[in-house]
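Chains A and B supply the protein sequences, listed in that same order. FYI, the numbering for the first sequence is 632 to 744, going by my numbering. FYI, the numbering for the second sequence is 1143 to 1254, going by my numbering. Note that beta-carbon positions come from the ideal geometry of N, C-alpha and C, so glycine has one too.
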Amino acid sequence: SQTIHQWPATLVQPVGSPLSLECTVEGTSNPNLYWYRQAAGRGLQLLFYSVGIGQISSEVPQNLSASRPQDRQFILSSKKLLLSDSGFYLCAWSTGIGKHEQYFGPGTRLTVT
Amino acid sequence: KQEVTQIPAALSVPEGENLVLNCSFTDSAIYNLQWFRQDPGKGLTSLLLIQSSQREQTSGRLNASLDKSSGRSTLYIAASQPGDSATYLCAVDSGNTGKLIFGQGTTLQVKP
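Okay, here's the thing in structure tokens:
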């Protein structure tokens, strides 16, 4: 069966510091991968998606970036965090074919102070 | 641009009641619609997925329907239990990359 991992689970970072969040998927090959952010009172917003290694599409202009160095690894990064980057970051995967059913990881709670 | 709306934003019901959660979307050209459950501080759990060619899907006490022409979906929960208390999110997939557009969610409280 497939599983999706995210780490760290929680993170408190000062403004201006760098960020790296990691997501890995097990039990599937060539998944579509997604990064979402859930900010208080704002709902879930798609940030990036990837249909293959090195293929990243950005949905929202911001100071965040994403990379996919391996087939089942998706990384969210920032060089300098802003207060507005605080939120709950969720990684998800789908098969990319057929139903496109998405499965979500446990999330990372990021607080920028 | 696709927009997804969920009504009501919050709902409180006594245990045992049957209830309906509503989801509407502005562009009927969808690939599928997915319902999720989110417990506080947790990730999303997929409940049901309805493909554009389908009218409904059922899983246990849950039944989701889809009316593409009117841009609506409903999630029916039968015989609600306190363990059903959570936020329920609907999301629409409009294309071939699987990108989801989410509603704001309905927070359900089932009282014992």
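Check, Outcome
"DSSP-derived helix/strand/coil call for A:G647", "coil"
"Chain-order list of residues whose beta-carbon lies under 7 Å from that of B:Q1144 (same chain, five-residue window excluded)", "F1167, T1168, D1169, V1234, S1236 and I1243"
"Cβ of A:L713 within 8 Å of any chain B Cβ", "no"
"B:S1188 - partner residues in DSSP beta bridges", "B:F1178"
"Sub-8 Å separation of B:G1240 and B:T1147 beta-carbons", "no"
"8 Å Cβ cutoff, A:N661 in contact with chain B", "no"
"Per-residue DSSP class, three states only, for A:L714", "helix"
"C-beta neighbour in chain A for B:F1244, strict 8 Å", "yes"
"Other residues of its chain near B:A1173: CB distance less than 7 Å, five sequence neighbours each side excluded", "Note that residue 1173 of chain B corresponds to Tyr in the displayed sequence, not to Ala. Cβ neighbours of B:Y1173 beyond the five flanking positions: S1194, D1235, S1236 and G1237."
"Buried or exposed by the 16-neighbour rule on C-beta atoms within 10 Å, applied to A:W724", "buried"
"Cβ separation of A:L642 and A:L707, assumed to be a contact under 8 Å, to the nearest whole Å", "In fact, because the Cβ distance is near 11 Å, the residues do not count as touching under 8 Å."
"Proximal residues to B:L1161 (C-beta, below 8 Å), its chain only, five neighbours per side dropped", "L1153, V1155, Y1218, I1219, S1222 and L1250"
"Where the segment 1215 to 1242 of chain B meets chain A: residues whose CB sits under 8 Å from a CB there", "L1231, A1233, D1235, T1239, G1240, K1241 and L1242"
"Any 3 or more C-beta pairs closer than 8 Å across the segment 1171 to 1186 of chain B and the segment 700 to 715 of chain A", "no"
"Listed by chain order, chain B residues near A:V608 by CB distance under 8 Å", "A question about residue 608 of chain A goes unanswered here, because the residues of chain A that appear run from 632 up to 744."
"Extent of the continuous beta strand (DSSP E) run through A:V682", "G674 to G683"
"Chain B residues whose Cβ lies nearer than 8 Å to that of A:Y734", "S1188"
"Opening and closing residue of the beta strand (DSSP E) in which A:H636 lies", "T634 to W638"
"Nonlocal neighbours in the same chain, by C-beta distance under 8 Å from A:P639, ignoring five residues either side", "L652 and T739"
"Three-state class that DSSP yields for B:P1224 in the structure shown", "helix"
"Element boundaries [beta strand (DSSP E), containing A:R699]", "L695 to Q701"
"Buried/exposed call for B:S1212, threshold 16 Cβ in 10 Å", "exposed"
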